[in-house]
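Engineer:
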Amino acid sequence: MHGGRTIYFVLGEGAVVEPPSAVGGPAAAAAPPQVSSLRFGRLFGKSRRMMPPEQGKALFDKLVTLGLCMNDPETYCQEPPPVNDEESSIPSGYTYLGQFIAHEITFDSTGDLLQDEMKPENLRTPQIDLDSLYGGEKGVADKPELYAPDGIKLKLGKTYLTVPPNNTFENDLPRDKANQENPKKALIGDERNDENLPLAQTHVAFIKFHNAVVERLKAEGHQDEGLFECARVQVIRHFQWIILKDYLPRIVDEDVLDCVMRHGLGWFRADGEDGLFMPLEFSAAAFRIGHSMVRRSYEWNSLHCSEPLSRGAVTILELFQQTGFSRSPNGLGGHPRLPSDWVIDWRRFYDFAPLANIAPVAKLNHTSKLDTLLNFRLDKVVGFPDTKLDKMQKAIAVRNLLRGFYLALPTGEEVAQCIGEKPLTPEQVSDGPHRKLLEDPAFRGHTPLWYYVLKEAELNGGSRLGPVGSRIVAETLVGLVKQSRYSILDDPDWRPRFGARAPERFEMIDLLDFANVVNPVG
Numbered sequence: 104m105h106g107g108r109t110i111y112f113v114l115g116e117g118a119v120v121e122p123p124s125a126v127g128g129p130a131a132a133a134a135p136p137q138v139s140s141l142r143f144g145r146l147f148g149k150s151r152r153m154m155p156p157e158q159g160k161a162l163f164d165k166l167v168t169l170g171l172c173m174n175d176p177e178t179y180c181q182e183p184p185p186v187n188d189e190e191s192s193i194p195s196g197y198t199y200l201g202q203f204i205a206h207e208i209t210f211d212s213t214g215d216l217l218q219d220e221m222k223p224e225n226l227r228t229p230q231i232d233l234d235s236l237y238g239g240e241k242g243v244a245d246k247p248e249l250y251a252p253d254g255i256k257l258k259l260g261k262t263y264l265t266v267p268p269n270n271t272f273e274n275d276l277p278r279d280k281a282n283q284e285n286p287k288k289a290l291i292g293d294e295r296n297d298e299n300l301p302l303a304q305t306h307v308a309f310i311k312f313h314n315a316v317v318e319r320l321k322a323e324g325h326q327d328e329g330l331f332e333c334a335r336v337q338v339i340r341h342f343q344w345i346i347l348k349d350y351l352p353r354i355v356d357e358d359v360l361d362c363v364m365r366h367g368l369g370w371f372r373a374d375g376e377d378g379l380f381m382p383l384e385f386s387a388a389a390f391r392i393g394h395s396m397v398r399r400s401y402e403w404n405s406l407h408c409s410e411p412l413s414r415g416a417v418t419i420l421e422l423f424q425q426t427g428f429s430r431s432p433n434g435l436g437g438h439p440r441l442p443s444d445w446v447i448d449w450r451r452f453y454d455f456a457p458l459a460n461i462a463p464v465a466k467l468n469h470t471s472k473l474d475t476l477l478n479f480r481l482d483k484v485v486g487f488p489d490t491k492l493d494k495m496q497k498a499i500a501v502r503n504l505l506r507g508f509y510l511a512l513p514t515g516e517e518v519a520q521c522i523g524e525k526p527l528t529p530e531q532v533s534d535g536p537h538r539k540l541l542e543d544p545a546f547r548g549h550t551p552l553w554y555y556v557l558k559e560a561e562l563n564g565g566s567r568l569g570p571v572g573s574r575i576v577a578e579t580l581v582g583l584v585k586q587s588r589y590s591i592l593d594d595p596d597w598r599p600r601f602g603a604r605a606p607e608r609f610e611m612i613d614l615l616d617f618a619n620v621v622n623p624v625g
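Positions 104 to 625 (the numbering used here) are the ones given, in order, by the sequence shown.
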């Protein structure tokens, strides 16, 4: 949530409130509580080490210090930041595909609920049904503003003419020109998908993939009646395939994923008596790995890259400002729509080498290594909506660590013991620029789960999660796919057929190619 306090409805516990600032701070002065209408639960129970907030001021302060050092080591740890991004082997597109997945499974179709309105039966369960794209399973009946006049295709936005490239493209999100408060606001199922430009362009790609599937089904003779539902189910299933066969194999440990796929879930009881829920260990810790994967700069397209006669690589801060989500007057470059020169060249974000019809580029962006040093400075994003947050709270690392504190998440060592893995030693955890902080008795052998997951990955080479992070992420995403009403895991004979290179080969590069969105600018 952006702004205010967040409330999690945790099965068996009721409402767990995340305070806005320091322990014991004046909650009444904060923005009203908000709650995502999701059901949350725990995989491993509460931490045996975590103290209730009213008794934990000392630990709170130490977590803040650790988060500030992760966010800005030069200022708070007297450690110089790395001169260049240390890269993983993961193409950068997967950073933003991961964010798209995160928003999809936490999509809130009912809006915020006040605390006194929360009842378990009113809370939705996490789903992989692309509500973030379609606005609901009924399509145009749920969110007519998202749809073209035929009620079957999704709307696209046209870019704002710039020279170069002296052309416009249907590669922007549709925008709400009638919105007096923010006429640049994106008309999409989940407005968070316009937070930054790579994510917004990922959403555009899925819109265009849906529309391309509709056109292919029409060409095959499918009539308008039932066409939308047929296309929607196909897109959802292709999305699930990408999660299981493309995204997860690049992020998690191969043996852990193979174990989950072959032998089922060990800790995520997605079909238990409480019903489906979102694991707190996943949403508040393990799947916040994307913050470490963000680069400080990107080769964006032929007009914004480090090649001769180009304008230079773009910073992540620029990519936050080229959206309608930013409240800055300079959002979208001061234009009403995305300028044409800012349409993404996906060849620079995914490796298209397997596709012979796609010309290669000189430089492919890879993610920053998965580690405990962040390149992402939210506090420097002009116009970020959390205007009521002070600088400390706008440091993502601080917020992630404090979220685990308030939710009493188990430590990394506790989770490792639960799943039968040998925990990292205190010396392994503390090796690096945060050594002095992590040698404190409060942290020694009791590492915050989010930090532990990143440290595991760092020790694993920075390109793949370690045992704890892999287990949480794999079990959650496989479990959510399994529980979908359209689950491909319930239909072992199903295979992708829109853009697939072969029956078993369909990845994001194939989706982007089929959607004809790889490199519109040229």
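By construction, the Cβ of each residue, glycine as well, lies at the ideal position given by its N, Cα and C atoms.
Inspect the beta-carbon positions of Trp449 and Gly196 and report whether they are closer than 9 Å.
Structural biologist: As a working mapping, residue 449 is identified with position 346 in the sequence shown. As a working mapping, residue 196 is identified with position 93 in the sequence shown. Cβ atoms of Trp449 and Gly196: closer than 9 Å.
Engineer: Closest to Ile346 by CA distance: which of Gly159, Pro623 and Leu614 is it?
Structural biologist: As a first step, residue 346 is located in the sequence shown; it is residue number 243 there, counting from the start. For Ile346, the nearest C-alpha among the options comes from Leu614.
Engineer: Spatial neighbours of Pro599 within its chain, please: C-beta separation below 6 Å, excluding the five flanking residues on both sides.
Structural biologist: Here the question's residue 599 lines up with position 496 in the sequence shown. Correct list, in chain order: His341, Trp344 and Phe609.
Engineer: Give a yes or no on whether the C-beta atoms belonging to Ala545 and Lys165 are separated by under 9 Å.
Structural biologist: Taking the first residue of the sequence shown as 1, we reach residue 545 at position 442. Taking the first residue of the sequence shown as 1, we reach residue 165 at position 62. Yes. Within cutoff.
Engineer: When DSSP labels each residue in this structure, what does Asn270 get in the three-state scheme?
Structural biologist: For the purposes of this step, residue 270 is taken as residue 167 along the sequence shown, with counting starting at 1. The answer is strand: DSSP assigns Asn270 an E or B state.
Engineer: Alpha carbon to alpha carbon, how far is Lys288 from Gly239?
Structural biologist: Taking the first residue of the sequence shown as position 1, residue 288 is located at position 185. Taking the first residue of the sequence shown as position 1, residue 239 is located at position 136. Approximately 19 Å, taken between the alpha carbons.
Engineer: Expressed to the nearest angstrom, what Euclidean distance is found between the alpha-carbon atoms of Glu298 and Asp534?
Structural biologist: Position 195 of the sequence shown holds residue 298. Position 431 of the sequence shown holds residue 534. Rounded to the nearest angstrom, the two C-alpha atoms are 34 Å apart.
Engineer: Using the C-alpha atoms, what's the distance from Gly434 back to Arg567?
Structural biologist: Taking the first residue of the sequence shown as position 1, residue 567 is located at position 464. Taking the first residue of the sequence shown as position 1, residue 434 is located at position 331. Rounded to the nearest angstrom, the two C-alpha atoms are 34 Å apart.
Engineer: Could you name the residues of the same chain whose beta carbon sits closer than 7 Å to that of Pro623, not counting the 5 residues immediately before and after it, in chain order?
Structural biologist: For this step, residue 623 is matched to residue 520 along the sequence shown. These residues qualify, in order along the chain: Phe272, Asn274 and Val446.
Engineer: What do you reckon, are the CB atoms on Thr198 and Val397 nearer than 9 Å?
Structural biologist: Along the sequence shown, one-based indexing puts residue 198 at 95. Along the sequence shown, one-based indexing puts residue 397 at 294. The answer is yes: Cβ separation under 9 Å.
Engineer: What residues in its chain sit with their C-beta under 7 Å from that of Asp374, if we drop five residues either side in the sequence?
Structural biologist: Against the sequence shown, residue 374 aligns to sequence position 271. Same-chain partners within the cutoff: Gln586.
Engineer: Going straight from the alpha carbon of Gly548 to that of Leu169, what length do you get?
Structural biologist: By one-based count along the sequence shown, residue 548 stands at place 445. By one-based count along the sequence shown, residue 169 stands at place 66. For Gly548 and Leu169, the distance between alpha carbons rounds to 16 Å.
Engineer: Closer than 7 Å by C-beta to Gly564: which residues in its own chain qualify, once you throw out the five before and the five after it? Chain order, please.
Structural biologist: In the sequence shown, residue 564 corresponds to position 461, counting from 1. Excluding positions up to five away in sequence, the list is empty.
Engineer: Return the chain-ordered list of same chain residues with a C-beta closer than 8 Å to the C-beta of His325, the five sequence neighbours on each side being excluded.
Structural biologist: Numbered from 1 along the sequence shown, position 222 holds the residue referred to as residue 325. The answer, listed in chain order, is Cys333.
Engineer: Give the secondary structure of Pro194 by DSSP, where H, G and I count as helix, E and B as strand, and everything else as coil.
Structural biologist: Taking the first residue of the sequence shown as 1, we reach residue 194 at position 91. In this structure, Pro194 counts as strand in the three-state DSSP scheme.
Engineer: So, helix, strand or coil for Ile110, using DSSP?
Structural biologist: By one-based count along the sequence shown, residue 110 stands at place 7. In this structure, Ile110 counts as strand in the three-state DSSP scheme.
Engineer: If you check the beta carbons only, do Leu552 and Gly515 fall under 9 Å apart?
Structural biologist: Working through the sequence shown from its first residue, we reach residue 552 at position 449. Working through the sequence shown from its first residue, we reach residue 515 at position 412. Yes, the Cβ-Cβ distance between Leu552 and Gly515 is below 9 Å.
Engineer: What residues match up with Met381 in a beta bridge as DSSP calls it?
Structural biologist: Locating residue 381 in the sequence shown gives position 278, where the first residue counts as 1. DSSP, once it has assigned bridges, lists Phe143 as partnering Met381.
Engineer: Looking at the structure shown, is Leu330 part of a helix, part of a strand, or coil, going by DSSP?
Structural biologist: In the sequence shown, the residue the question calls residue 330 occupies position 227. Helix at Leu330.
Engineer: Rounded to whole angstroms, what's the CA-CA distance from His105 to Glu207? Just pull it up for me.
Structural biologist: The count along the sequence shown starts at 1 and reaches residue 105 at position 2. The count along the sequence shown starts at 1 and reaches residue 207 at position 104. The predicted position of His105 is uncertain, since its pLDDT is 41 and thus under 50; a value taken from the coordinates is nonetheless stated next. Straight-line Cα distance between these residues: approximately 17 Å.
Engineer: So Leu249 and Gly292 are in contact, right, with Cβ under 8 Å, and what is the actual spacing, rounded?
Structural biologist: For the purposes of this step, residue 249 is taken as residue 146 along the sequence shown, with counting starting at 1. For the purposes of this step, residue 292 is taken as residue 189 along the sequence shown, with counting starting at 1. Leu249 to Gly292, Cβ: 6 Å. Contact.
Engineer: Ala118 lies in the beta strand (DSSP E); which residues open and close that run?
Structural biologist: The residue you call residue 118 lines up with position 15 of the sequence shown. Unbroken beta strand (DSSP E) run through Ala118: Gly117 to Glu121.
Engineer: What's the gap between the Cα of Pro463 and the Cα of Asp175?
Structural biologist: Position 360 of the sequence shown, counted from the start, is the residue given in the question as residue 463. Position 72 of the sequence shown, counted from the start, is the residue given in the question as residue 175. The straight-line gap from Cα to Cα measures roughly 36 Å.
Engineer: Starting from the Cα of Leu467, find the closest Cα among Leu146, Met611, Val243 and Ile193 and give me that residue.
Structural biologist: Reading the sequence shown from its first residue, position 364 is the one you call residue 467. Considering only alpha carbons, the answer is Ile193.
Engineer: Gly115 to Met173, Cα distance in whole Å?
Structural biologist: In the sequence shown, counting from the first residue as 1, residue 115 sits at position 12. In the sequence shown, counting from the first residue as 1, residue 173 sits at position 70. Computed Cα separation, rounded: 34 Å.
Engineer: Quick check: the Cα distance between Asp361 and Gly572, rounded to an integer number of angstroms?
Structural biologist: Translated into the one-based positions of the sequence shown, residue 361 becomes position 258. Translated into the one-based positions of the sequence shown, residue 572 becomes position 469. Rounded to whole angstroms, Asp361 to Gly572 spans 15 Å at the Cα level.
Engineer: Under 7 Å Cβ to Cβ from Glu542, same chain only, skipping five residues before and after it: list those, please.
Structural biologist: Your numbering for residue 542 matches position 439 in the sequence shown. Closer than 7 Å at the Cβ level, and outside the excluded window around Glu542, lie Ser533.
Engineer: Go to His469, then tell me how far its beta strand (DSSP E) extends in each direction, as first and last residue.
Structural biologist: The residue given as residue 469 occupies position 366 in the sequence shown. Its beta strand (DSSP E) spans residues His469 to Ser471.
Engineer: Who does Asp442 pair with in a DSSP beta bridge?
Structural biologist: Taking the sequence shown and counting its residues from 1, one reaches residue 442 at position 339. It should be pointed out that residue 442 corresponds to Pro in this sequence rather than to Asp. Answer is Tyr263.
Engineer: Quick check on Pro286: buried or exposed, where buried means 16 or more other Cβ atoms within 10 Å of its Cβ?
Structural biologist: As a first step, residue 286 is located in the sequence shown; it is residue number 183 there, counting from the start. By the 10 Å Cβ count, Pro286 comes out exposed.
Engineer: Tell me, please, which residues DSSP counts as bridged to Ser400.
Structural biologist: As a first step, residue 400 is located in the sequence shown; it is residue number 297 there, counting from the start. The partner list for Ser400 (beta bridge, DSSP) reads Thr418.
Engineer: Starting from the C-beta of Leu583, find all residues in its chain whose C-beta is less than 8 Å away, skip the five residues before and the five after it, and write them out in chain order.
Structural biologist: Numbered from 1 along the sequence shown, position 480 holds the residue referred to as residue 583. For Leu583, where only same-chain residues beyond five positions count, the Cβ hits under 8 Å are Ile208, Pro229, Gln230, Ile231, Ala373 and Leu379.
Engineer: Ordered along the chain, which non-local residues of its own chain (more than five positions away) have a Cβ less than 6 Å from that of Val620?
Structural biologist: Against the sequence shown, residue 620 aligns to sequence position 517. Excluding residues within five positions, the ones whose Cβ falls inside 6 Å are Ala308 and Lys311.
Engineer: How many angstroms separate the CA atom of Arg574 from the CA atom of Tyr263?
Structural biologist: Numbered from its first residue, the sequence shown carries residue 574 at position 471. Numbered from its first residue, the sequence shown carries residue 263 at position 160. Whole-angstrom Cα-Cα distance: 44 Å.
Engineer: From Ala130 to Ala416, what does the alpha carbon distance come to, in whole angstroms?
Structural biologist: Translated into positions along the sequence shown, residue 130 becomes position 27. Translated into positions along the sequence shown, residue 416 becomes position 313. Low confidence applies here, because Ala130 scores a pLDDT of 40, under 50, leaving its location unreliable and the question unanswered by this model.
Engineer: Examine the ligand GDP and report whether any of its heavy atoms sits within less than 8 Å of the Cβ of Leu347.
Structural biologist: For the ligand GDP, the structure offers nothing, since it holds no ligand at all.
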